[in-house]
Amino acid sequence: MKLQLGIGRIQKLYLLRLVLKMKLMRIMQLEVWRAAMQEEFNMIQKNDTWQLVNRPNNKKVIGVKWVYKVKLNPNGSTNKHKARLVVKGYSQLPGIDFCETFAPVARFDTIRLLLALAAQKCWFVYQLDVKSAFLNGYLKEEIHVEQPDGFVKNGTENKVYLLKKALYGLKQAPRAWYSRIDEYLLKLDFVKSLTEVTLYVKEEGADLLIVTIYVDDFLITGSNENQTSQGIFICQKKYANEILNQFAIVNCKTVNTPMVPYEKLRSDDGAAKIDVGVYRSLIGRLLYLSATRPDIMHSVSLLSRFMHSPSEIHFKAAKRILRYVKGTTNFGVLYKRSTNVKLIGFTDSDWAGSEEDMKSTSGQCFSIGSGVISWSSKKQDSVAKSTAEAEYIAASLAADQAVWFKKLMNDLKQPQMHPTELFCDNLSAVAIVKNPILHGRTKHIKIKYHSIREMVNEGEVQVLHCDSDDQIADIFTKGLHKFRFETLRDKLGMSSISVKEE
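Every letter in the sequence shown is one number past the one before it in this note's numbering, and letter 396, counting from 1, is 416.
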């Protein structure tokens with residue numbers, strides 16, 4: 021009996037200790053968030069973002085709220101607790117509370133081009149995150165907001181804040197921030213690229229400084245400092261693991277390819293329909309992952325065609341991509357040092373690959389000497405009557421991208437003096453590009469695709485034939501067998517590198 025009482029007392033003490041520990045953790049957590057809120061509020065005050073005024077009678081006052089987020093390190097540990105004050109922008113009225121809202125961001129192609137260029141030139145690359153970036157944008161409109169919870173001043177409960185600068189959540193906040201940073205960089209004698217409006221270049225003698233903007237993130241590189249590494253590796257391992265955890269595929273069996281070889285999918289496949297929201301969430305995440313994973317570009321692009329009415333067969337194909345990602349989370353694109361900065365491209369097409377409308381799929385990729393900097397897999401707008409026509413259309417689309425890259429290279433002070441080499445594995449398509457022959461077979465092709473002939477005549481691009489075995493863009497047009505897939509994946513400049521987790 022005494023022994024039982026002793027055990028019961030120990031259990032009670034253990035439970036009491038556990039409850040006290042949980043309460044202490046909850047209090048500590050609240051203190052962390054209070055500190056984060058105070059830090060954000062102090063930043064807003066220091067930045068002279070607003071001023072306290074009497075509540076207007078003829079103006080709408082917009083509410084605000086606190087948004088909390090725990091920022092993690094690549095290994096999953098806590099980096100910091102971030103509290104952000106956000107305006108309830110959904111209540112803003114167009115023409116009254118805002119006018120223009122568009123703000124440009126850098127293309128992924130541009131960012132990858134800069135990384136590849138820095139790797140070849142052995143330049144350092146810096147990434148900067150501007151703290152409270154949107155708080156620096158000046159507003160043209162008169163906006164009043166409520167005092168935030170937890171920071172209402174005694175005796176001024178009926179007053180509101182008149183915004184001088186933008187806050188997160190405002191419709192015009194991104195545009196106001198971009199206008200401010202654009203004005204600032206131009207004052208520092210940077211030259212804005214006409215090809216990419218978020219790219220700024222400054223020359224001082226032999227030195228070159230390059231800045232590109234993606235919302236509140238800056239990518240900076242230049243020729244005044246050299247790096248000692250063997251290249252630059254881009255990878256989304258942490259993001260890939262997040263997708264696997266979200267869709268409970270962590271313990272799945274891996275596969276060697278993201279897609280069954282030469283698999284055909286249809287909208288009306290007779291299979292049961294699945295939840296549209298879940299499917300769209302998965303495909304959207306995989307599309308973002310493809311920013312550093314060209315090996316899954318075609319399969320994800322193909323599945324994105326069925327987001328309006330997905331079936332179990334489509335979801336099974338999407339889960340196969342996850343099983344492939346599970347075995348290749350360390351994979352990314354490696355940009356190596358090279359002495360020759362030369363832009364080259366590959367273009368290919370899968371004729372009548374879509375069984376529903378018999379349209380073809382265009383694939384293309386570009387590099388400047390090492391890993392690919394741009395890739396695409398897209399269904400063509402019109403039906404091609406032959407393989408040559410499908411390849412010709414794909415080459416025309418790739419030529420447009422080549423011309424854009426050439427202009428961008430000129431803005432980066434890396435001019436391409438020779439025509440951009442564009443490799444195609446179809447001799448008939450190459451012949452049609454070079455000479456207006458076979459008129460009976462080409463007169464029905466849309467005029468816009470014939471622009472490639474002008475690009476060739478003007479020396480912008482040069483379409484060359486390559487063997488089918490060397491056609492890298494083949495990976496963006498169809499599902500392939502293991503050996504062929506892995507061969508082309510290597511040629512894309514992809515590799516697996518163990519990323520050190522901090």
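Ideal Cβ positions, reconstructed from N, Cα and C, are used throughout, including at glycine.
Pairwise C-alpha distance: residue j and residue i
i: Val165; j: Leu134; result: 40 angstroms
i: Val235; j: Asn244; result: 26 angstroms
i: Gly26; j: Trp53; result: With a pLDDT of 49 at Gly26, under the threshold of 50, the predicted position of this residue should be treated as unreliable, and no value is reported.
i: Ala410; j: Ser390; result: 28 angstroms
i: Ala311; j: Asn178; result: 49 angstroms
i: Glu522; j: Leu512; result: Because the pLDDT at Glu522 is just 39, under 50, the model does not fix this residue reliably, and the point stays unresolved.
i: Arg195; j: Ile254; result: 29 angstroms
i: Glu224; j: Met475; result: 33 angstroms
i: Asp494; j: Leu508; result: 8 angstroms
i: Leu50; j: Lys100; result: 14 angstroms
i: Lys433; j: Leu182; result: 45 angstroms
i: Glu478; j: Ala422; result: 13 angstroms
i: Asp487; j: Ala449; result: 14 angstroms
i: Val453; j: Leu484; result: 10 angstroms
i: His438; j: Leu229; result: 25 angstroms
i: Pro5; j: Leu159; result: Here the chain has residues from 21 to 522 only, and residue 5 is not among them.
i: Val81; j: Ser199; result: 25 angstroms
i: Asn430; j: Ser358; result: 19 angstroms
i: Val296; j: Pro330; result: 6 angstroms
i: Asp315; j: Trp197; result: 35 angstroms
i: Gly352; j: Gly251; result: 13 angstroms
i: Gly242; j: Glu262; result: 33 angstroms
i: Lys257; j: Asn350; result: 6 angstroms
i: Ser97; j: Ala451; result: 58 angstroms
i: Ser374; j: Pro124; result: 34 angstroms
Per-residue burial, residue i [other beta carbons within 10 Å of its own, 16 or more giving buried]
i: Ala186; result: buried
i: Ile116; result: exposed
i: Arg75; result: exposed
i: Pro435; result: exposed
i: Pro281; result: exposed
i: Lys498; result: buried
i: Ile378; result: The sequence given here places Met at residue 378; Ile does not occur at that position. Classification for Met378: exposed.
i: Ile517; result: exposed
i: Cys385; result: buried
i: Ala139; result: buried
i: Ala126; result: buried
i: Ile388; result: buried
i: Leu23; result: Reliability fails at Leu23, whose pLDDT of 41 lies under 50, so the model's placement of it is uncertain and the value that follows must be treated cautiously. That one is exposed.
i: Glu162; result: exposed
i: Tyr355; result: buried
i: Val180; result: buried
i: Gln65; result: exposed
i: Tyr146; result: exposed
i: Ser397; result: buried
Beta-carbon proximity list for residue i, same chain, < 6 angstroms, skipping 5 on both sides
i: Tyr469; result: Ile413 and Ser416
i: Arg132; result: Ile393
i: Met21; result: Any answer about Met21 is weak, because its pLDDT of 43 lies below 50 and its placement is not dependable; what the coordinates show is given next. Excluding positions up to five away in sequence, the list is empty.
i: Phe128; result: Ala311
i: Ala338; result: Leu302 and Leu323
i: Lys191; result: Gly109, Gln112, Phe118 and Thr121
i: Asn276; result: Lys502
i: Met279; result: Ser319 and Gly499
i: Leu148; result: Phe238
Strand pairing of residue i, partner residues [DSSP]
i: Val211; result: Val221
i: Lys85; result: Val106
i: Pro114; result: Phe118
i: Met514; result: Val353
i: Cys272; result: In the DSSP output, where bridge partners are listed per residue, Cys272 has none listed.
i: Gly242; result: Leu229
i: Glu441; result: Ile364 and Gln482
i: Val180; result: Val73
i: Leu399; result: One detail in the question is off: residue 399 reads as Lys in this sequence, not Leu. In DSSP, Lys399 forms a bridge with Thr381.
i: Lys185; result: Tyr158
8 angstroms Cβ shell around residue i - same chain, five flanking residues per side excluded
i: Lys426; result: Leu363, Gln436, Thr440 and Glu480
i: Asp420; result: Ser471
i: Phe61; result: Leu105, Pro168 and Phe171
Cβ-based neighbour list, residue i, same chain, cut-off 7 angstroms, excluding 5 preceding and 5 following
i: Val320; result: Ile303, Leu306, Leu307, Ser310 and Ile341
i: Ile294; result: Pro330, Ser331, Glu332 and Phe335
i: Asp209; result: Lys222
i: Lys85; result: Val106 and Lys108
i: Ala418; result: Gly365, Thr367, Gln384 and Leu442
Three or more C-beta pairs below 8 angstroms linking the stretch 365 to 377 and the stretch 331 to 340: no
Any 3 or more C-beta pairs closer than 8 angstroms across the stretch 433 to 452 and the stretch 397 to 405: no
At least three beta-carbon pairs within less than 8 angstroms, the stretch 263 to 271 to the stretch 339 to 352: yes
Given 8 angstroms, three or more beta-carbon pairs between the stretch 137 to 156 and the stretch 84 to 94: no
Given 8 angstroms, three or more beta-carbon pairs between the stretch 101 to 108 and the stretch 54 to 62: yes
The stretch 204 to 213 / the stretch 105 to 125 touching (three or more Cβ pairs under 8 angstroms): no
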